[in-house]
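Just below is one structure, and these are the notes that go with it.
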Amino acid sequence: MMEKLIAELKRLYLLEDQECFPAGELTPEMLAQHLSGDKTIALNLVSDNGLVRTMIVDFNRMGDAPALQHWDRLCGVANALQDQLGLPAPAVSINGGNGYALWLSLETPVPLNQAQHFLHLLRKTYFPDIPNEEIGLRPDTLTSTTAELPPCLHMGSGTWAAFINPGMGASFADDTGLEMMPPYAAQAAFLEGLQGISDKQFTQAITVMHPPHGKERTHKTPTPAPHSAPAGLLLKDATLEDIIQHLHEKNIEPTFRHVIPKDSFS
Numbered sequence: 001m002m003e004k005l006i007a008e009l010k011r012l013y014l015l016e017d018q019e020c021f022p023a024g025e026l027t028p029e030m031l032a033q034h035l036s037g038d039k040t041i042a043l044n045l046v047s048d049n050g051l052v053r054t055m056i057v058d059f060n061r062m063g064d065a066p067a068l069q070h071w072d073r074l075c076g077v078a079n080a081l082q083d084q085l086g087l088p089a090p091a092v093s094i095n096g097g098n099g100y101a102l103w104l105s106l107e108t109p110v111p112l113n114q115a116q117h118f119l120h121l122l123r124k125t126y127f128p129d130i131p132n133e134e135i136g137l138r139p140d141t142l143t144s145t146t147a148e149l150p151p152c153l154h155m156g157s158g159t160w161a162a163f164i165n166p167g168m169g170a171s172f173a174d175d176t177g178l179e180m181m182p183p184y185a186a187q188a189a190f191l192e193g194l195q196g197i198s199d200k201q202f203t204q205a206i207t208v209m210h211p212p213h214g215k216e217r218t219h220k221t222p223t224p225a226p227h228s229a230p231a232g233l234l235l236k237d238a239t240l241e242d243i244i245q246h247l248h249e250k251n252i253e254p255t256f257r258h259v260i261p262k263d264s265f266s
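Residue numbers are given in the UniProt record's numbering: position 226 of the sequence shown equals residue 226, and the series is strictly consecutive.
What follows is the structure, encoded as structure tokens:
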């Protein structure tokens, strides 16, 4: 199943002759070691000729911030990417440390300055008031041009970063890492339905966020998704199958011995 996951990662996020830190050129053996937790490497999001095909927005929980604040912010931005900018759904990950991330894939790599311009417009349009320490844009000269590609072992926390089902993202608000290595098949399944951003979609999104002189934006800033009833293009209600898969990823075998009355949720 690792082969299927690697194929999906290559389709969406890896560059030709992908470089990584600190090893240099990324080899199949190194990628396999990374995905199996033997070593953790960081991808260089910028190619030797200055091109980018993966953009990342990090949402970090800081200090005494409310448990779901960083998740709510991610939901607002992720839904805006789709219903206001017309972009395909991004992948969602937990980072194994203190937060979540949105992973945006480009069908065709763009120059670094274009990727940075897009990310800065996104920040200015949809989350200008979030403190810098709670948000991360990659690649960006102010933060980083590298990223640890999920699934991988977070060296600081000892837990796993992983792609997740967006419908269950709120359940990770207090624990943004997995104790056990996530199944390769599940990780591949989270990615196989995703598509990269086309050249036309990328250009149109920039135009929407930064219209030509004399024209006004016609969209509104998104509101955060509510805690109790996730909605929108990114989120969906978790099914029983989702819940079982989620528990299996945490190495928990569910036993449904109790029936919870419907009025318990009222």
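By construction, the Cβ of each residue, glycine as well, lies at the ideal position given by its N, Cα and C atoms.
**Asked** Buried or exposed: E8, going by 16 or more other Cβ atoms within 10 Å of its Cβ?
**Response** Buried.
**Proximity to residue 268 [Cα-Cα], best of D199, R73, M181** = In the structure displayed, the chain extends from 1 to 266; residue 268 sits before or after that span and is not available.
**Asked** Looking at C-alpha atoms only, which residue of H154, L102, L45 is the closest neighbour of S36?
**Response** A check of alpha carbon separations from S36 across H154, L102, L45 identifies H154 as the nearest.
**Bridge-paired residues (DSSP) for E19** = Residue pairing by DSSP places E19 opposite E25 in a beta bridge.
**Among V208, G177, Q69, the one whose alpha carbon lies nearest that of P150** = Restricting attention to V208, G177, Q69, the CA atom closest to the CA of P150 is found in G177.
**Request:** Taking only the alpha-carbon atoms, compute the straight-line gap between A205 and L51 and give it to the nearest angstrom.
**Result:** A205 and L51 have their C-alpha atoms spaced approximately 19 Å apart.
**Prompt:** Touching or not, the stretch 118-136 and the stretch 16-24, by the rule of three or more beta carbon pairs under 8 Å?
**Reply:** For the pair of segments examined, the stretch 118-136 was found not to touch the stretch 16-24: the number of CB pairs separated by less than 8 Å stays below three.
**Own chain, CB closer than 8 Å to R61, minus 5 neighbours either side, in chain order** = Contacts found: A67, Q69, H70, N98, G99, E134, A173, T176.
**Message:** If contacts are defined as beta-carbon pairs under 8 Å, then P88 and L194 qualify, I think. What distance do you get, rounded to the angstrom?
**Reply:** Yes, P88 and L194 are in contact; Cβ-Cβ is about 7 Å, under 8 Å.
**Prompt:** I94 lies in the beta strand (DSSP E); which residues open and close that run?
**Reply:** For I94, the enclosing beta strand (DSSP E) covers residues 91-94.
**Message:** Between V208, A101, N113, which has its C-alpha nearest V57's C-alpha?
**Reply:** Selected option, being the one with the closest Cα: A101.
**Asked** Fully enclosed by the stretch 57-143, which alpha helix (DSSP H) runs are 4 residues long or longer?
**Response** Listed in chain order, they are 69-83, 112-126.
**Prompt:** What did DSSP end up calling V46 once you bin it into helix, strand or coil?
**Reply:** Coil, per DSSP.
**Request:** Can you say whether A148 is buried or exposed, counting buried as having 16 or more other CB atoms within 10 angstroms of its CB?
**Result:** Looking at the sequence itself, residue 148 is Glu, so the reference to Ala does not match. Answer is buried; the Cβ neighbour count reaches 16.
**Asked** Helix, strand or coil: which one does DSSP assign to M155?
**Response** Coil, per DSSP.
**Prompt:** Under the three-state reduction of DSSP, which class applies to I6: helix, strand or coil?
**Reply:** Note: I6 maps to helix in three-state DSSP.
**Prompt:** Do F59 and F118 have their CB atoms nearer than 9 Å?
**Reply:** Against a cut-off of 9 Å, the Cβ pair of F118 and F59 comes out as no contact.
**Helix, strand or coil at A173 [DSSP, three-state]** = DSSP places A173 in coil when its eight states are reduced to three.
**6 Å Cβ shell around S47 - same chain, five flanking residues per side excluded** = Closer than 6 Å at Cβ, skipping near neighbours: L15.
**Asked** Per DSSP, what kind of secondary structure is T145 in: helix, strand or coil?
**Response** It is coil, neither helix nor strand.
**Prompt:** Measuring CB to CB, does S105 end up less than 9 Å from G167?
**Reply:** Cβ distance not < 9 Å, so S105 and G167 don't count as in contact.
**Request:** From the DSSP output, in three-state form, read off I206 for me.
**Result:** Note: I206 maps to helix in three-state DSSP.
**Message:** Taking 6 Å as the limit between beta carbons, can you name the residues of its chain near Y184, skipping five residues before and five after?
**Reply:** Correct list, in chain order: M1, M2, L5.
**Message:** Out of L45, A32, K10, which one is the CA nearest neighbour of T145?
**Reply:** Here the closest residue by C-alpha is L45.
**Prompt:** DSSP puts A161 in a beta bridge; with which residues?
**Reply:** Bridge partners of A161: C152.
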